[in-house]
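S.K.:
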Amino acid sequence: GNSVTQMEGPVTLSEEAFLTINCTYTATGYPSLFWYVQYPGEGLQLLLKATKADDKGSNKGFEATYRKETTSFHLEKGSVQVSDSAVYFCALSVKGYSTLTFGKGTMLLVSP
Amino acid sequence: NAGVMQNPRHLVRRRGQEARLRCSPMKGHSHVYWYRQLPEEGLKFMVYLQKENIIDESGMPKERFSAEFPKEGPSILRIQQVVRGDSAAYFCASSPNSNNSPLHFGNGTRLTVT
Chain A
61 GNSVTQMEGP
71 VTLSEEAFLT
81 INCTYTATGY
91 PSLFWYVQYP
101 GEGLQLLLKA
111 TKADDKGSNK
121 GFEATYRKET
131 TSFHLEKGSV
141 QVSDSAVYFC
151 ALSVKGYSTL
161 TFGKGTMLLV
171 SP
Chain B
23 NAGVMQNPRH
33 LVRRRGQEAR
43 LRCSPMKGHS
53 HVYWYRQLPE
63 EGLKFMVYLQ
73 KENIIDESGM
83 PKERFSAEFP
93 KEGPSILRIQ
103 QVVRGDSAAY
113 FCASSPNSNN
123 SPLHFGNGTR
133 LTVT
């Protein structure tokens, strides 16, 4: 079956620190990969995506590269801000965008 | 342009009662998806609907749970005879079609069964 494993949180960082949130997957077929972000009290928002191997998704300073050889899609940001504090979900889909399989989420806390 | 609207935001039910969760998709979106987030778990897919049709219900529990998306009005996720294990956050998402369109999520309904 399909599954997504991401590092447990919370991840606690100071402002301007470098961020990495690890994500690995197992999938039947050739998945598309996503990162979603959930700010407190809100729904999930698509942060970035990649649909084939070696693609790099990027948005708002966040990046993730689709690595087929290591089945990974790690999220990175060079300099985090307090406003980046949220829960980040890694996800995959092998049926297009509909039936997403999510990881458990990683909470990021950024302090001034 | 209103996003995906879910109501109520919070719902408390006693064991054995029925819970009805409503979802109005974004304007122009005809595809609706329901996900459940149990405590300490990721989001789990439940059901995918288009207007008047259930397309994929592979994630729905076999009993007590049902979903509909009528021609007029919101999508409804219905849970009959709720039990404590149904306590979770239920998220609805919508898209304009199924061809590589990103999902837009609502803010969720937090169901608590006492």
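The listed protein sequences derive, respectively, from chains A and B. Quick note: to get my numbering, add 60 to the position in the first sequence (first position is 1). Quick note: to get my numbering, add 22 to the position in the second sequence (first position is 1). C-beta: ideal position from N, C-alpha, C; glycine also.
With which residues is residue 117(B) paired in a DSSP beta bridge?
M.R.: 53(B)
S.K.: By the three-class DSSP mapping on this structure, what secondary structure does residue 143(A) have?
M.R.: helix
S.K.: Can you list, in chain order, the residues of its chain whose CB lies under 8 Å from that of residue 119(B), leaving out five sequence neighbours each side?
M.R.: 52 and 53
S.K.: Tell me the rounded alpha-carbon separation between residue 86(A) and residue 60(B).
M.R.: 22 Å
S.K.: Could you check which residue in 171(A), 164(A), 66(A) and 159(A) has the C-alpha nearest to that of residue 91(A)?
M.R.: It is 159(A).
S.K.: Quick one: which chain B residues come within Cβ less than 8 Å of residue 101(A)?
M.R.: What residue 101(A) touches in chain B: 129.
S.K.: Across which residues does DSSP place residue 46(B) in a beta bridge pair?
M.R.: Paired residues: 27(B).
S.K.: Report buried or exposed for residue 87(B), applying the criterion of at least 16 other Cβ atoms within 10 angstroms of its Cβ.
M.R.: buried
S.K.: Return no unless some Cβ of chain B is closer than 8 Å to the Cβ of residue 137(A).
M.R.: no
S.K.: Is it buried or exposed, residue 28(B), if we count other Cβ atoms within 10 angstroms and call 16 or more buried?
M.R.: By the neighbour-count rule (16 or more Cβ atoms within 10 Å), residue 28(B) is buried.
S.K.: Looking at residue 106(A) and residue 94(A), is the spacing between their C-beta atoms short of 8 Å?
M.R.: The answer is yes: Cβ separation under 8 Å.
S.K.: Chain B partners of residue 78(A), CB-CB under 8 Å?
M.R.: Here the premise fails: no neighbours, minimum Cβ distance about 25 Å.
S.K.: Under 9 Å between beta-carbons, which chain A residues line up against residue 113(B)? List them in chain order, please.
M.R.: 103 and 104
S.K.: Counting C-beta neighbours from all protein chains within 10 Å, is the total for residue 116(B) 16 or more, i.e. buried, or is it exposed?
M.R.: buried
S.K.: For the structure I just gave you, are there three or more beta carbon pairs, one from the stretch 38-52 of chain B and one from the stretch 134-141 of chain A, closer than 8 Å?
M.R.: no
S.K.: With DSSP as the reference, please indicate the residues paired to residue 167(A) in a beta bridge.
M.R.: 147(A)
S.K.: For residue 171(A), does the count of other Cβ atoms within 10 angstroms reach 16, so buried, or fall short, so exposed?
M.R.: exposed
S.K.: Closer than 8 Å, CB to CB, is residue 47(B) near chain A or not?
M.R.: Chain A contact via Cβ: absent.
S.K.: What does the alpha-carbon distance come out to for the pair residue 71(B) and residue 71(A)?
M.R.: Cα to Cα, the separation comes out at about 36 Å.
S.K.: Please decide whether residue 43(B) counts as near chain A, where near means a Cβ-Cβ distance under 8 Å.
M.R.: Not an interface residue.
S.K.: Return the chain-ordered list of same chain residues with a C-beta closer than 8 Å to the C-beta of residue 88(A), the five sequence neighbours on each side being excluded.
M.R.: 61, 62 and 154
S.K.: Using only the alpha-carbon positions, how far apart do residue 74(A) and residue 83(A) sit?
M.R.: 22 Å
S.K.: How long is the line joining the alpha carbons of residue 58(B) and residue 50(B), rounded to whole angstroms?
M.R.: So the alpha carbons of these two residues sit roughly 24 Å apart.
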